[in-house]
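Counted the way numbering that gives the first Met the number 0 counts, the sequence shown spans residues 0 to 249. Yeah, the Cβ is synthetic: ideal placement off N, Cα and C, and Gly gets one too.
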Amino acid sequence: MSFDVSGNAYDRFMGRYALELAPAFADFVGVHEGKVVDVGCGSGILTEELARRVGAENVAAADPSPLLETCRERVPEADVRPGTAEELPWTDDSFDAALAQLVLHFLDDPVVGITEMRRVTRPGGVVAASTWNFPQMPLVRTFWESARDLRLDAPSETQQFETLDELAALGRSAGLGEVEAAPLDVSIRYESFSQLWSTFELGAGPAGEFCASLPEADRETVRDEYQRRLGNPAGSFDLPAQAWVLRGSV
0 MSFDVSGNAY DRFMGRYALE LAPAFADFVG VHEGKVVDVG CGSGILTEEL ARRVGAENVA
60 AADPSPLLET CRERVPEADV RPGTAEELPW TDDSFDAALA QLVLHFLDDP VVGITEMRRV
120 TRPGGVVAAS TWNFPQMPLV RTFWESARDL RLDAPSETQQ FETLDELAAL GRSAGLGEVE
180 AAPLDVSIRY ESFSQLWSTF ELGAGPAGEF CASLPEADRE TVRDEYQRRL GNPAGSFDLP
240 AQAWVLRGSV
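Now the structure itself:
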């Protein structure tokens with residue numbers, strides 16, 4: 000995903016789904032107290048949820064992108080630093096829990112990222128991560144199906160793990176114990192198809208970038224096919240999404 004977009008653009012596109020996912024993810028991990036870090040915090044959606052639970056003074060966050068500034072504005076009392084999942088700017092055993100929401104599919108080697116999260120988490124703490132299950136996400140799956148009707152060379156957002164067992168194996172490979180992987184479902188309501196389509200025109204993420212790169216006539220062709228594949232919704236409608244989540248102990 001490109002992160003050379005404003006926090007507002009991200010929040011209007013994928014951020015709406017991340018906002019719904021954040022409390023469910025934090026519940027899955029069991030975050031209620033202690034010091035926690037949000038790895039790959041982006042615009043700070045999960046950071047803000049964690050701050051509500053444990054207090055902003057007990058929350059840290061890291062991200063390598065310009066979205067970090069939006070996170071700082073969102074949770075000014077949190078310890079927000081530039082950094083990657085593979086090289087976090089904290090010492091060993093700094094946190095009771097380390098969470099990475101919707102970050103795994105951007106890492107060249109997720110095992111390295113999870114291992115680094117384990118490093119900064121105290122013994123007895125929890126490390127957790129989530130990723131989208133793209134086949135169960137019509138927002139982007141149906142968009143790419145529509146785009147490939149126009150151009151066979153259109154890219155897509157590929158599934159990183161074929162099964163939950165594969166995701167659990169990632170946690171074990173990174174040295175976590177008591178590993179559990181599960182699905183989490185969310186749903187977003189749009190007031191109209193036009194509202195949905197306008198989020199693609201923001202240029203956020205691979206789908207938005209591809210949409211913005213098309214000549215106007217081609218963009219309209221993809222728009223019409225996307226609308227048709229979604230059932231030509233009239234008025235408000237819901238789009239579901241599913242994340243796969245992983246947690247394990249240190």
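Sub-8 Å separation of residue i and residue j beta-carbons
{"i": "Phe-24", "j": "Val-221", "result": "no"}
{"i": "Leu-175", "j": "Ser-129", "result": "no"}
{"i": "Pro-88", "j": "Ala-61", "result": "yes"}
{"i": "Ala-203", "j": "Phe-12", "result": "yes"}
{"i": "Pro-205", "j": "Pro-134", "result": "no"}
{"i": "Pro-81", "j": "Leu-238", "result": "no"}
{"i": "Gly-39", "j": "Thr-69", "result": "no"}
{"i": "Val-125", "j": "Arg-246", "result": "yes"}
{"i": "Val-185", "j": "Tyr-16", "result": "yes"}
{"i": "Glu-224", "j": "Cys-210", "result": "no"}
{"i": "His-104", "j": "Gln-194", "result": "no"}
Neighbourhood of residue i by C-beta distance below 7 Å, restricted to the same chain and skipping five residues each side
{"i": "Glu-76", "result": "Ala-55 and Glu-56"}
{"i": "Gly-14", "result": "Ser-42 and Ile-44"}
{"i": "Thr-198", "result": "Arg-11 and Phe-12"}
{"i": "Leu-149", "result": "Asp-217, Thr-220 and Val-221"}
{"i": "Val-271", "result": "There is no way to answer for residue 271, as the model of the chain reaches only from 0 to 249."}
{"i": "Gly-230", "result": "none"}
{"i": "Arg-147", "result": "Ala-153"}
{"i": "Met-0", "result": "Unreliable placement is indicated for Met-0, whose pLDDT of 38 sits below 50; the coordinate value is still reported in the next sentence. Excluding positions up to five away in sequence, the list reads Phe-105, Gly-204 and Pro-205."}
Beta-carbon contacts of residue i that lie in its chain and below 8 Å, excluding the five residues immediately before and after
{"i": "Val-164", "result": "A small fix is needed here, since residue 164 is Asp in this sequence, not Val. So the list reads Ala-180, once near-sequence residues are dropped."}
{"i": "Thr-46", "result": "Asp-37, Cys-40, Val-58, Ala-60, Cys-70, Arg-73, Val-74, Ala-77 and Val-79"}
{"i": "Ser-212", "result": "none"}
{"i": "Arg-117", "result": "Ala-97, Val-126, Ala-173, Gly-174, Leu-175 and Val-249"}
{"i": "Arg-228", "result": "Thr-141, Glu-144 and Ser-145"}
{"i": "His-31", "result": "Arg-52 and Val-53"}
Nearest-angstrom Cβ-Cβ length linking residue i and residue j, presumed shorter than 8 Å
{"i": "Ala-97", "j": "Val-74", "result": "Their Cβ separation, rounded to whole angstroms, is 17 Å, which puts Ala-97 and Val-74 out of contact at 8 Å."}
{"i": "Leu-20", "j": "Val-35", "result": "Contact flag wrong, Cβ pair sits at about 16 Å."}
{"i": "Gly-33", "j": "Val-53", "result": "6 Å"}
{"i": "Arg-121", "j": "Asp-152", "result": "Not really, about 48 Å apart at Cβ, beyond 8 Å."}
Residue i burial status per 10 Å Cβ neighbour count (16 or more: buried)
{"i": "Ser-145", "result": "buried"}
{"i": "Asn-7", "result": "exposed"}
{"i": "Ser-64", "result": "buried"}
{"i": "Thr-162", "result": "exposed"}
{"i": "Gln-100", "result": "buried"}
{"i": "Asp-108", "result": "exposed"}
{"i": "Gly-234", "result": "exposed"}
{"i": "Ala-95", "result": "The question names Ala, but residue 95 is Asp in the sequence shown. That one is buried."}
{"i": "Asn-132", "result": "buried"}
{"i": "Glu-115", "result": "buried"}
{"i": "Thr-83", "result": "buried"}
{"i": "Arg-140", "result": "buried"}
{"i": "Arg-188", "result": "exposed"}
{"i": "Gly-207", "result": "buried"}
{"i": "Ala-240", "result": "buried"}
Cβ-based neighbour list, residue i, same chain, cut-off 6 Å, excluding 5 preceding and 5 following
{"i": "Leu-183", "result": "Ala-23, Ala-242 and Val-244"}
{"i": "Phe-192", "result": "Gln-226 and Pro-232"}
{"i": "Gly-112", "result": "Ala-84, Glu-85 and Leu-106"}
{"i": "Phe-27", "result": "Val-244"}
{"i": "Leu-18", "result": "Ile-44"}
{"i": "Glu-190", "result": "Ser-235"}
{"i": "Trp-196", "result": "Arg-222"}
Contact test: residue i Cβ vs the ligand GDP heavy atom, cutoff 7 Å
{"i": "Arg-228", "result": "Of the ligands one can find in the structure shown there are none, so the ligand GDP has no counterpart to examine."}
Cutoff 8 Å: residue i Cβ touching any chain D Cβ
{"i": "Arg-147", "result": "In the structure shown, chain D cannot be found, because there is only a single protein chain."}
- Going along the chain, which unbroken runs of the beta strand (DSSP E) with 3 or more residues stay wholly within the region 116-184? Taking only runs of at least 3 residues, the beta strand (DSSP E) segments lying wholly in the region 116-184 are 120-131.
Alpha helix (DSSP H) runs wholly inside the region 35-97, at least 4 long, in chain order
44-53 and 67-73
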